[in-house]
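**Q** Quick note, the sequence shown lines up with residues 8 to 344 if you use our numbering. Cβ atoms here follow ideal geometry from the backbone N, Cα and C, with glycine treated the same way. Since we're looking at a predicted model, the values are computed, not measured. Structure in structure tokens, see below.
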Amino acid sequence: MDIKKLVLAVIIGGVTSTAMAVDKNALRTQAKMMHGPIPEIMPGAESDTPALIDLGERLYFETALSADGSQSCNTCHRIDGGLGGVDNEATSLGVKGSRGDRNSPSVWNAGFHVAQFWDGRAEDLAAQAKGPILNPVEMAVPDKQTAINNLKAAGYEALFADVFKGQAEPLNYDNLAKAIGAFERTLITVDRFDEFLAGDDSAMTETELKGYQTFVQSGCASCHNGALFGGAMYMKMGLINAYENSHDLGRFAVTNNPADKYVFKVPSLRNITKTAPYFHDGAVAELDEAVAQMAWMQLGRKLSDQEVSEIVAFLGALEDTHTITVKYLNSGAEVGQ
Ligand code: HEC
Ligand code: HEC
8 MDIKKLVLAV IIGGVTSTAM AVDKNALRTQ AKMMHGPIPE IMPGAESDTP
58 ALIDLGERLY FETALSADGS QSCNTCHRID GGLGGVDNEA TSLGVKGSRG
108 DRNSPSVWNA GFHVAQFWDG RAEDLAAQAK GPILNPVEMA VPDKQTAINN
158 LKAAGYEALF ADVFKGQAEP LNYDNLAKAI GAFERTLITV DRFDEFLAGD
208 DSAMTETELK GYQTFVQSGC ASCHNGALFG GAMYMKMGLI NAYENSHDLG
258 RFAVTNNPAD KYVFKVPSLR NITKTAPYFH DGAVAELDEA VAQMAWMQLG
308 RKLSDQEVSE IVAFLGALED THTITVKYLN SGAEVGQ
């Protein structure tokens, strides 16, 4: 290695050369400061009772919440079998066979985000959960009362009465959303990056650690920041170089502020390996392509193939390594019954 490269390597963290091993302790300290592990508890979860969470879980898998009984939340946000909380479609297929304009984002860790949806139009999980059931291209139930009647027919009255004790009409739309939100607050991923932060030097490979460094040095962390590597703010898609699909105006539709045209919530990169295809329109199938396009659009940079593959390797360490046991699968009937 020549001296100029060595000096440069030292200045930017001492890990840019393959000849040099990554200083794991220094990197851990930096990563804890810049990103940190995912918090153990989601905001608002403190008062969620096991009974409320269990009802929410049942409802999450409840197909009676769609017009023709074919879809549950889990249809578009698959969390069974170690899946990433998405449907892996470019845009989701609703009950009537029509597709919306947007890619389904993951429900994993969603309750940590500043707001819900690509454009942040719902303030929290409970507010969000009220949308898809009545959305004509999603679950397409005509009105709230029909949703409630469907649940009555599916035998939910006693379950709601048990959880919302003392209320005159426990089975109502607000309580439905509240319960689903409570269940979603339990959906927290577990990954090797956090194991590394907790002190396990063997949790990530040298390439993955180097990839983290490349991610930070390239400027990705300016938007994909905090414990979630995103979910904390809104930014323009195509900040430096425009995105080719100019159809979706993003947050402009929520705020009517011209400065919000093409502005979207910065998505979390936790578990990103499991949530292809990418971007709000699901236009990009592969993660390496999404990374290269991001660098060009958001930072005006062309990354080398090696930089892209390092970053992609690092993103692999953000992949969820745990699988939840699903109690209720489609129809709300207990699995195995
Ligand atoms: C037909 C597919 C479909 C169904 C069914 C569906 N969703 Fe979604 N979901 C989507 C799409 C598409 C979006 C993004 C829409 C947007 O941003 O405008 C979304 C967004 C979300 C988000 C926001 C995540 C984030 O990062 O902003 C959450 C949470 C969510 N859905 C939960 C649910 C719940 C709970 C149900 C059941 C009541 C449900 N979804 C039913 C397709 C679906
Ligand atoms: C200026 C802010 C900004 C910077 C810098 C930035 N991103 Fe993004 N990123 C976003 C926004 C906003 C989106 C959502 C874009 C959309 O789909 O409309 C996004 C989306 C993504 C996605 C797709 C996520 C998904 O769920 O579909 C990936 C992967 C990604 N970014 C990786 C990176 C990487 C790697 C870098 C650095 C090379 C980077 N980003 C730099 C703001 C940024």
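In this structure, does DSSP put glycine 257 in helix, strand or coil?
**A** Glycine 257: strand per DSSP, three-state reduction.
**Q** Would you tell me roughly how many angstroms separate the C-alpha atoms of asparagine 156 and leucine 183, rounded to the nearest one?
**A** Each residue's alpha carbon lies about 12 Å from the other.
**Q** Whole angstroms is fine: what's the gap from alanine 74's alpha carbon to phenylalanine 222's?
**A** Taking the straight line from one Cα to the other gives about 44 Å.
**Q** Kindly examine ligand 4 and report whether one of its heavy atoms sits closer than 7 Å to the Cβ of valine 148.
**A** The model depicted lacks ligand 4 and carries ligand 1 and ligand 2 instead.
**Q** Does the Cβ of lysine 159 have 16 or more other Cβ atoms within 10 Å, making it buried, or fewer, making it exposed?
**A** Its Cβ having fewer than 16 others within 10 Å, lysine 159 is exposed.
**Q** What are the complete alpha helix (DSSP H) segments, minimum 4 residues, inside the segment 53 to 98?
**A** With a minimum length of 4 residues, the continuous alpha helix (DSSP H) runs that stay inside the segment 53 to 98 are 57 to 67, 80 to 83.
**Q** Report yes if the CB atom of phenylalanine 168 is closer than 8 Å to the CB atom of proline 177, and no otherwise.
**A** A quick correction: the sequence has alanine, not phenylalanine, at residue 168. It is a contact, given that the beta carbons lie within the stated cut-off.
**Q** From the DSSP output, in three-state form, read off valine 291 for me.
**A** Strand, per DSSP.
**Q** What are the boundary residues of the alpha helix (DSSP H) that valine 223 is part of?
**A** Valine 223 -> alpha helix (DSSP H) spans 213 to 225.
**Q** For aspartate 181, count neighbouring C-beta atoms within 10 Å of its own C-beta (all shown protein chains included) and say buried if the count is 16 or more, exposed if not.
**A** Exposed, by the Cβ-count rule.
**Q** With a CB to CB cut of under 7 Å and the five nearest residues on each side skipped, what residues in its chain are close to alanine 346?
**A** The first residue shown for the chain is 8 and the last is 344, placing residue 346 beyond what the model contains.
**Q** Would you mind listing the alpha helix (DSSP H) stretches within the segment 149 to 186 that are 4+ residues and don't spill past its ends, in chain order?
**A** Runs of the alpha helix (DSSP H) inside the segment 149 to 186: 151 to 160, 164 to 170.
**Q** Taking only three categories from DSSP, how would you classify arginine 128?
**A** DSSP places arginine 128 in coil when its eight states are reduced to three.
**Q** Sorry if obvious, but does the Cβ on leucine 100 come closer than 7 Å to a heavy atom of ligand 2?
**A** Checking every heavy atom of ligand 2 against the Cβ of leucine 100, none is found closer than 7 Å.
**Q** One question on the structure: do glycine 323 and leucine 276 come within less than 8 Å of each other, judged by their Cβ atoms?
**A** Cβ atoms of glycine 323 and leucine 276: not closer than 8 Å.
**Q** Shortest alpha-carbon distance to glycine 101 belongs to which of Gly127, Leu325, Glu145, Trp125?
**A** Checking every option, the nearest Cα to that of glycine 101 belongs to Glu145.
**Q** From the DSSP output, which residues share a beta bridge with glutamine 123?
**A** In the DSSP output, where bridge partners are listed per residue, glutamine 123 has Ala129.
**Q** Quick one: using the 10 Å Cβ neighbour count with 16 as the cut-off for buried, is methionine 8 buried or exposed?
**A** At methionine 8, the pLDDT of 41 sits below 50, so the modelled position is not reliable and the matter cannot be decided from this model.
**Q** Find out if the Cβ-Cβ distance for the pair glutamate 326, aspartate 126 is shorter than 8 Å.
**A** Cβ atoms of glutamate 326 and aspartate 126: not closer than 8 Å.
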